[in-house]
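Colleague: Protein chains in written order, with the working numbering: chain W, 16 to 351; chain V, -2 to 104.
(1) Cβ closer than 8 angstroms: which chain V residues qualify as neighbours of residue 54 of chain W?
(2) Output yes if chain W places a C-beta closer than 8 angstroms to the C-beta of residue 34 of chain V; else output no.
(3) Out of curiosity, what's the CA-to-CA distance linking residue 119 of chain W and residue 19 of chain V?
(4) If we ignore side chains and look at the alpha-carbon of each, how far apart do residue 21 of chain V and residue 71 of chain W end up?
(5) DSSP state of residue 229 of chain W, grouped into three classes?
(6) Which chain W residues sit within Cβ distance under 9 angstroms of residue 45 of chain V?
(7) Starting from the C-beta of residue 140 of chain W, find all residues in its chain whose C-beta is less than 6 angstroms away, skip the five residues before and the five after it, and write them out in chain order.
(8) Tell me the rounded alpha-carbon separation between residue 331 of chain W and residue 64 of chain V.
(9) If I measure Cβ to Cβ from residue 281 of chain W and keep anything under 7 angstroms in the same chain, skipping five residues before and after, which residues do I get?
(10) Where in the stretch 54 to 100 of chain W do unbroken runs of the alpha helix (DSSP H), each at least 4 residues long, occur, reported from the N-terminal end onward?
(11) Along chain W, in chain order, which residues have C-beta atoms closer than 8 angstroms to that of residue 27 of chain V?
(12) Taking 8 angstroms as the CB-CB limit, is residue 58 of chain V close to chain W?
(13) Could you tell me the alpha carbon to alpha carbon distance between residue 106 of chain W and residue 84 of chain V, rounded to whole angstroms?
(14) Residue 104 of chain V versus chain W: which residues are under 7 angstroms apart at the beta carbon?
(15) Between residue 220 of chain W and residue 145 of chain W, what straight-line distance do the alpha-carbon atoms span, to the nearest angstrom?
(16) May I have the straight-line CA-CA distance separating residue 168 of chain W from residue 87 of chain W, to the nearest angstrom?
(17) Counting only beta-carbon separations shorter than 8 angstroms, does residue 82 of chain V have a partner in chain W?
(18) Which first and last residues belong to the beta strand (DSSP E) in which residue 147 of chain W is found?
(19) Please list the segments of the beta strand (DSSP E) lying wholly inside the stretch 221 to 307 of chain W, counting only runs of 3 or more residues, in order along the chain.
(20) Cα-Cα, which of W:182, W:96, W:94 is closest to residue 34 of chain V?
(21) Kindly list, in the order they appear in chain V, the residues whose Cβ is closer than 8 angstroms to that of residue 111 of chain W.
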């Protein structure tokens, strides 16, 4: 993640320098499976697609702090509390890696935060579901972070260098998230009847939203709609939503068996012929409803985010005032 | 902030006017500092602290550098060919360029 541009035009596509030769250079890098770096000229569509995707990803990370942060004060032990705080701090870090990556494309993170706050940019619809019990913290780690890893691992090879590098860091850290979630459910599943029921209830509520995280169908007939084909051609996306969802299902069903939990899908069964699990129909009406703002927690999440940002204004102002006061005494060039 | 006000501050500075710093991490003694990412901060001291919190949460480093992004001078990708070309025709800088008898040891 290099920082912003070092002085020259952010994107030659917006200048007269952007010729067919430059397009050819870009196409050649993509065809070669080379990475695009911040100061390379790139088509405007590539740039705007990446800004939208990275921003939405960053927003998801920081909004994702809320459903879990909800349980920090009520974690069942000091061990669980320390783990949960580290995890929520990681989510903040992931958001910052991603805002840094987005800024290399010539946007300002304050502008992106404004768009989150006024609803012009989205975040993953999964975070609009409430965390009703402690078991939900486990289910988020196991299912939501598990699905996120499935989505994010291919992004480590994304054609845009700063995004790919951010995702490598994120993926390293996510595996702790998934394992701690599984461990929470593993502990509950071997506990009292009430604890087992709590774990089952969480799995029941999070399974379908987790499958929706991969996005609407985009293979077969649906492949001609949406952005998947273009994003694959650009090397931003490596697998279709449906392929990733299938991989996630195939990975997760045996884990659910191990936990002794059932997944809430009567049609879920192994298909010998395909060599994959079949699943029942996903309620895409629910997905679109939640994405468009009508989920259980949409307004609460954005409202909380906005309040946190505004309540922190004095800290930012104080830091700036302190820096201005001490600017004269600042020692630059002291390399250790 | 609306789209048309973004140019109101220095390149790389955010809405509070905080400049952008590039972060370099030395993973352990004996290795060079490597670029890890960037942070915004009001000054270099805060940039170091922000960088520590963001890039070394898992003991990824024993030393950190932060450098103002606008203090970096970079080569231009569009001049890449002419800039690096002078090295292209000097294959004699590589040891494999030389024909020597096969039975000479330690060469």
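Note that the Cβ used here is the ideal one computed from N, Cα and C, for glycine as well.
On a predicted model such as this, the values are computed, not experimentally measured, just so you know.
Modeller: Quick look at the numbers:
(1) Here residue 54 of chain W refers to the residue found at position 39 when the first chain is read from its first residue. The contacting residues are 71, 73, 74.
(2) For the purposes of this step, residue 34 of chain V is taken as the residue at position 37 of the second chain. Yes, its Cβ sits closer than 8 angstroms to a Cβ of chain W.
(3) As a position in the first chain, residue 119 of chain W is number 104, starting the count at 1. As a position in the second chain, residue 19 of chain V is number 22, starting the count at 1. Each residue's alpha carbon lies about 12 angstroms from the other.
(4) For the purposes of this step, residue 21 of chain V is taken as the residue at position 24 of the second chain. For the purposes of this step, residue 71 of chain W is taken as the residue at position 56 of the first chain. So the two alpha carbons sit approximately 27 angstroms from each other.
(5) The residue given as residue 229 of chain W occupies position 214 in the first chain. Coil, per DSSP.
(6) Residue 45 of chain V sits at position 48 when you count from the first residue of the second chain. Those within 9 angstroms of residue 45 of chain V in chain W number zero; the least Cβ separation is about 10 angstroms.
(7) Position 125 of the first chain holds residue 140 of chain W. Within the same chain, residue 140 of chain W has close Cβ partners 305, 306.
(8) For the purposes of this step, residue 331 of chain W is taken as the residue at position 316 of the first chain. For the purposes of this step, residue 64 of chain V is taken as the residue at position 67 of the second chain. Looking at the two C-alpha atoms, the distance is approximately 21 angstroms.
(9) Within the first chain, numbered from 1, the residue matching residue 281 of chain W stands at position 266. The residues are 295.
(10) 59 to 78, 80 to 84
(11) Taking the first residue of the second chain as 1, we reach residue 27 of chain V at position 30. The contacting residues do not exist; residue 27 of chain V stays about 15 angstroms from chain W at best.
(12) Here residue 58 of chain V refers to the residue found at position 61 of the second chain. Output row for residue 58 of chain V: interface = no.
(13) The residue given as residue 106 of chain W occupies position 91 in the first chain. The residue given as residue 84 of chain V occupies position 87 in the second chain. Spanning the two alpha carbons is a distance of roughly 44 angstroms.
(14) Sequence index remark: in the second chain, residue 104 of chain V carries index 107 (1-based). Simply none; closest approach about 36 angstroms.
(15) If you number the first chain from 1, residue 220 of chain W lands on position 205. If you number the first chain from 1, residue 145 of chain W lands on position 130. Each residue's alpha carbon lies about 10 angstroms from the other.
(16) Numbered from its first residue, the first chain carries residue 168 of chain W at position 153. Numbered from its first residue, the first chain carries residue 87 of chain W at position 72. About 28 angstroms.
(17) To locate residue 82 of chain V, count along the second chain from 1; it is residue 85. By this cut-off, residue 82 of chain V is not an interface position.
(18) For the purposes of this step, residue 147 of chain W is taken as the residue at position 132 of the first chain. That residue, residue 147 of chain W, is in no beta strand (DSSP E); it is neither H nor E in DSSP.
(19) 284 to 286, 291 to 293
(20) Here residue 34 of chain V refers to the residue found at position 37 when the second chain is read from its first residue. Minimum Cα distance to residue 34 of chain V is reached at W:182.
(21) Residue 111 of chain W sits at position 96 when you count from the first residue of the first chain. Result: 36, 51.
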